[in-house]
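Novice: Just so we're aligned, residue 48 is where the sequence shown starts under this note's numbering, counting upward by one.
Before we start, here is the structure in question, set down as structure tokens.
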Amino acid sequence: DDGLKLAKKRGIQSVNELADKIITMHGKNLKPVHDLPIPSDIKHSLADISKAEEELKYKPEYNLDNGLKETIWYFEGWRG
């Protein structure tokens with residue numbers, strides 16, 4: 048498959064890492080809820096946008112930290 052994958056392959060490598068990052072950025076004592084996996088869950092997936100950057104001149108507007116910060120700010124403002 049020579050398709051273009053649109054995600055960075057460096058950085059966060061698991062849902063647990065992402066949850067930890069969100070909890071740290073949010074600054075509250077949140078606890079993730081873990082459940083049993085379902086058969087259709089993807090166990091390992093890592094994507095790379097370098098080909099899109101090279102061939103399509105694609106450049107992300109946000110990195111993960113900035114995107115998460117804006118998302119947290121949005122939902123905190125929405126809740127009031």
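By construction, the Cβ of each residue, glycine as well, lies at the ideal position given by its N, Cα and C atoms.
Does DSSP put GLU117 in a helix, a strand or coil?
Specialist: Three-state result, GLU117: helix.
Novice: Measuring straight from C-alpha to C-alpha, what distance separates ILE69 and ASP82?
Specialist: Answer to the nearest angstrom: the Cα atoms are 18 Å apart.
Novice: Just to confirm the assignment, what range does the alpha helix (DSSP H) spanning SER97 have?
Specialist: Element bounds for SER97: 97 to 102.
Novice: In whole angstroms, what is the alpha-carbon distance linking LYS98 and LEU115?
Specialist: For LYS98 and LEU115, the distance between alpha carbons rounds to 24 Å.
Novice: Looking at the structure shown, is ILE85 part of a helix, part of a strand, or coil, going by DSSP?
Specialist: In the structure shown, ILE85 sits in coil (DSSP, three-state: anything other than H, G, I, E or B).
Novice: Taking 8 Å as the limit between beta carbons, can you name the residues of its chain near ALA66, skipping five residues before and five after?
Specialist: Hits under 8 Å: PRO79.
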